[in-house]
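Just so you know, our numbering puts 184 at position 176 of the sequence shown, and the rest follows in order with no gaps.
Cβ atoms here follow ideal geometry from the backbone N, Cα and C, with glycine treated the same way.
What follows is a short report on a single structure.
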Amino acid sequence: MSGAVGMFAGSWWTRLLSRVAKGRWRWNRGAANETAESAVPETDQPTQVLAAEPGPVAASGEPVVVSEAERMAVVRLEPPPREPPNPEARARTLPALEQLQQIPALQSFARNFLRTLGNTDADVRDVVEVVQRDSALCVRVLRMANSVLVSPVNRIEDLDTAVQMLGLTRVRNAAQALFTLRDGNRVVDGFDWRHLWMHAIGTAELAGELDRRLRREVSPALHVAALLHDVGKIVLSMVAPEDYRAILAAAWQERGRLEDLERTRLGVDHREAGSYFARQAGLPEVAVQAIAHHDRPEEAESFRFEVALVTLANHLSKAHGLGFSGAHLEAGEGDFAAHPAWRVIEMELGRAVRPEEFEAELAVYAGMVRSDLREMREAA
């Protein structure tokens with residue numbers, strides 16, 4: 009196992025990344041009612057429940073004046089109550105989490121993501137030479153450059169132009185997504201995490217798109233935070249494989265919420281386990297906060313805006329059947345446009361946001377991401 013992940017962390021593409029980056033639900037908007045692509049199992053498609061009543065929405069364009077004290081105050085979102093952790097199970101699991109640094113496969117996996125946040129200097133020609141070494145990545149970069157998102161006047165057929173059109177950040181993200189899907193599945197023996205990684209990649213893409221619409225910028229750290237928001241599931245599957253198989257089976261059979269099943273059987277849930285691992289591995293604080301609080305962004309100690317973006321992107325990824333995270337959307341999570349995480353977004357931005365104005369465009373974008381995931385899965 010560690011050998012496979014060592015190849016994953018030490019392969020040529022990590023050098024590219026370090027140089028460049030330096031209840032249930034049916035989505036009730038028209039574009040998202042399409043049948044999922046063949047790469048996503050039918051069981052990934054949500055079913056309908058009654059959506060929560062939307063809360064009050066500020067008038068379009070009306071500024072929201074927020075004091076610093078109000079901004080830092082916890083916004084109560086009234087999520088479903090959590091099952092208390094099983095103390096005996098917790099006493100067994102915590103010592104295993106403390107030994108994570110002694111698991112080479114997991115540490116190699118973490119070091120790869122740290123490399124993506126390193127030196128921002130990169131030469132386009134060097135990047136092109138690296139991309140050319142992998143035919144699947146080469147094809148993906150050219151397809152991205154010729155996509156409707158880039159909309160080139162003339163068809164782009166050479167990598168130099170494609171990389172310049174896309175920018176180094178998007179090329180880095182494309183490489184990271186492709187090779188995470190290809191090699192990240194090998195981190196834990198006996199578990200097939202491909203659909204989880206597809207969900208994670210979809211969440212990262214949607215978080216970036218939301219950030220572009222709200223702030224017109226995308227942080228590399230946000231991409232990594234969104235990509236790793238569910239890493240605690242992989243951590244738990246590594247420290248307690250048999251227990252976690254039983255937990256996933258019970259969640260699939262709807263015998264309880266995944267988080268409650270985790271706390272009952274292991275004494276911790278995947279958010280706590282993932283944030284524990286992220287701190288040990290030295291991942292950036294925005295990733296730690298997103299992993300720990302992507303269900304309740306108002307509880308984040310810092311980076312609330314970024315955590316709320318991951319929350320909303322996670323919601324969209326589930327609603328559009330982008331992979332499968334091990335848990336379905338629940339009725340209490342509400343409608344996207346009325347999602348309580350928007351209150352955190354507005355508090356952090358200091359202005360009103362009307363997500364219903366770009367909701368349909370996000371649905372179209374999610375459909376494009378689904379197609380990309382299918383292509384990546386075939387390439388991987």
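Item to complete: In the DSSP assignment, find the alpha helix (DSSP H) that holds Leu395 and state where it starts and stops.
Response: This structure leaves residue 395 out entirely; the chain is present only between 9 and 388.
Discussion item. Thr272 and Glu96 - do their beta-carbons sit closer together than 8 Å?
Written reply: no
Worksheet item: Quick one: Cα of Gln172 to Cα of Glu369, how far?
Response: 26 Å
Practice prompt. Let me know the secondary structure DSSP gives Arg224 once reduced to three states.
Written response: coil
Practice prompt. Taking 8 Å as the cut-off, decide whether the C-beta atoms of Ala289 and Ala233 are in contact.
Written response: no
Discussion item. Could you compute how far the alpha carbon of His347 sits from the alpha carbon of Pro305?
Written reply: 12 Å
Practice prompt. Could you check the C-alpha separation between Ala327 and Ala335 for me, to the nearest Å?
Written response: 11 Å
Item to complete: Report the residue from Phe311, Gly175, Ala208 whose alpha carbon sits nearest the alpha carbon of Val389.
Response: Nothing can be reported for residue 389: it is not among the residues displayed for the chain, which extend from 9 to 388.
Discussion item. Nearest by alpha-carbon distance to Ser283: which of Gly240, Leu108, Trp350 is it?
Written reply: Gly240
Worksheet item: With DSSP run on the structure shown, which of helix, strand or coil describes Arg359?
Response: strand
Worksheet item: Taking the alpha helix (DSSP H) that Ala295 falls in, what are its first and last residues?
Response: 293-301
Item to complete: Can you say whether Glu404 is buried or exposed, counting buried as having 16 or more other CB atoms within 10 angstroms of its CB?
Response: This structure cannot speak to residue 404, because the chain is shown only from 9 to 388.
Worksheet item: For Leu330, which of helix, strand or coil comes out of DSSP?
Response: coil
Worksheet item: Which one of Ala300, Ala259, Val352, Leu357 has the shortest CA to CA distance from Ala281?
Response: Ala300
Fill in: Counted within 10 angstroms of its Cβ, other Cβ atoms place Ala254 as buried (16 or more) or exposed
exposed
Worksheet item: Mind checking whether Val377 and Gly210 have CB atoms under 8 Å apart?
Response: yes
Worksheet item: Quick check: the region 313-321 against the region 345-359, are there 3 or more CB pairs under 8 Å?
Response: yes
Worksheet item: How long is the line joining the alpha carbons of His231 and Arg180, rounded to whole angstroms?
Response: 11 Å
Practice prompt. With distances taken Cα to Cα, identify the nearest neighbour of Asp303 among Ala144, Pro292, Glu338.
Written response: Glu338
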